[in-house]
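Enquirer: Residue numbers for the sequence shown follow the numbering used here, beginning at 13 and rising by one. Ideal Cβ positions, reconstructed from N, Cα and C, are used throughout, including at glycine.
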Amino acid sequence: MSAPLLTPELLRNIGKQAPPDRQIATRRDIRKYAIASGQTQRKYLDGDVAPPLFHVPLFWPVVEREGLTPDGVAGDSLLPKLPLERGMAGGLDIEYHGEIRAGDELIATRTLTNLYEKAGRSGALIFYEIVMEVRRPNGELVVREKTTRILR
C-alpha cells in the first residue's frame, strides 16, 4: 500500500466542533416540509409536530452557488483541506429522542468524530463522520445524527 493520505496534522482535526446553530421550528416551515415530503398524518400537515427528517434542512447552511462543491453540497467548515475531494454519501444514522413541535427553539452542534482511509477497488478512499446533536435550550437531546461521507 502507498503512503497514507491522512497525515497526523489532518487527523488532529478529529474532535473539532462547529459553533452551535440555533433555529426555531416554525409551524409554517413544518407544514411546508410535511407537504413537500408527502406526509399524510394531520399532526404533520397542520404543523403541530415535525415529521421525521425535518431537522435536516432546518440546519442546512444557506450559501450562494459559489459556496457549493461540484456535487452541489455546501462546503463544511469542520473539514480541513483533504487530498481527495469527490464526495459520495456513505451513510446516515439518526436517533430520535423527542418530538420537534411548532415554536421549539433548537440548538445543533456538529462534531467531526472520525477521519480514516481505506483502499478501494479504484484507489484510496477517505471516510469522515460528523455527529450532529440537536438539543433544546435546557440541554434535552432531541435528535442525534451521524453522517458518513466518502471522498475519492
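Under a Cβ-count criterion, where at least 16 other Cβ atoms within 10 Å of its own Cβ denotes burial, should residue 46 be classed as buried or exposed?
Expert: On the sequence shown, position 34 is the one that residue 46 refers to. Counting Cβ neighbours within 10 Å, residue 46 comes out buried, since at least 16 surround it.
Enquirer: Using only CA atoms, which one of 23, 27, 31 and 69 lies nearest to residue 38?
Expert: Reading the sequence shown from its first residue, position 26 is the one you call residue 38. Nearest C-alpha to residue 38: 69.
Enquirer: Taking the continuous beta strand (DSSP E) assigned at residue 122, which residues delimit it?
Expert: As a first step, residue 122 is located in the sequence shown; it is residue number 110 there, counting from the start. Where residue 122 is concerned, the enclosing beta strand (DSSP E) stretches over 117–132.
Enquirer: At 4 residues or longer, and completely inside the segment 26–88: list those alpha helix (DSSP H) runs for me, N to C.
Expert: 39–48, 54–57 and 67–70
Enquirer: Taking the alpha carbon of residue 89 as the point to measure from, which residue in 23, 124, 136 and 42 has its own alpha carbon closest?
Expert: Start at 1 with the first residue of the sequence shown, and residue 89 comes out as number 77. Looking at the Cα atoms, 124 is the closest of the given residues.
Enquirer: Is the segment 48–56 close to the segment 138–157, with three or more CB pairs under 8 angstroms?
Expert: no
Enquirer: In this structure, does DSSP put residue 22 in helix, strand or coil?
Expert: Sequence index remark: in the sequence shown, residue 22 carries index 10 (1-based). Note: residue 22 maps to helix in three-state DSSP.
Enquirer: Quick one, which of 116, 102 and 119 has its alpha-carbon nearest residue 139's?
Expert: Along the sequence shown, read from residue 1 onward, the residue named residue 139 stands at position 127. Out of 116, 102 and 119, 102 has the C-alpha closest to the C-alpha of residue 139.
Enquirer: Taking the Cβ atom as the reference point for each residue, do residue 18 and residue 129 lie within a distance shorter than 8 angstroms?
Expert: Locating residue 18 in the sequence shown gives position 6, counting from the first residue. Locating residue 129 in the sequence shown gives position 117, counting from the first residue. In contact: residue 18 and residue 129 (Cβ atoms closer than 8 angstroms).
Enquirer: Taking 6 angstroms as the limit between beta carbons, can you name the residues of its chain near residue 146, skipping five residues before and five after?
Expert: Here residue 146 is taken as the residue at index 134 of the sequence shown, counted from 1. Closer than 6 angstroms at Cβ, skipping near neighbours: 67, 118, 120, 154 and 155.
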